[in-house]
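So that you can map any letter, position 47 of the sequence shown is 51 in the working numbering, and since no number is skipped, the others follow by simple counting.
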Amino acid sequence: MIPNEALMIFAFVVTLIACIAQIVGDIMYILFLRDACRTLESHVPPEMHVDQIM
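Here's what the structure looks like:
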């Protein structure tokens, strides 16, 4: 069987990776919301926004 300490270290590493992924996801979501709010505040129709990008 696998020693108890090895399982605890494995669980810690998995938990650490999950926490980092959660933080990265939260940051990306906040940036997405910020961009969406800026787009809404600009009062530019989406068609014109696409034309400006191209």
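All residues carry an ideal CB built from backbone N, CA and C; glycine is no exception.
What number of angstroms, rounded off, separates the C-alpha of residue i from the C-alpha of residue j?
i	j	result
T19	L35	24 Å
E45	I21	36 Å
Y33	A25	12 Å
L37	M12	37 Å
V17	E9	12 Å
P7	A15	13 Å
I31	T43	18 Å
G29	A40	16 Å
E51	C23	39 Å
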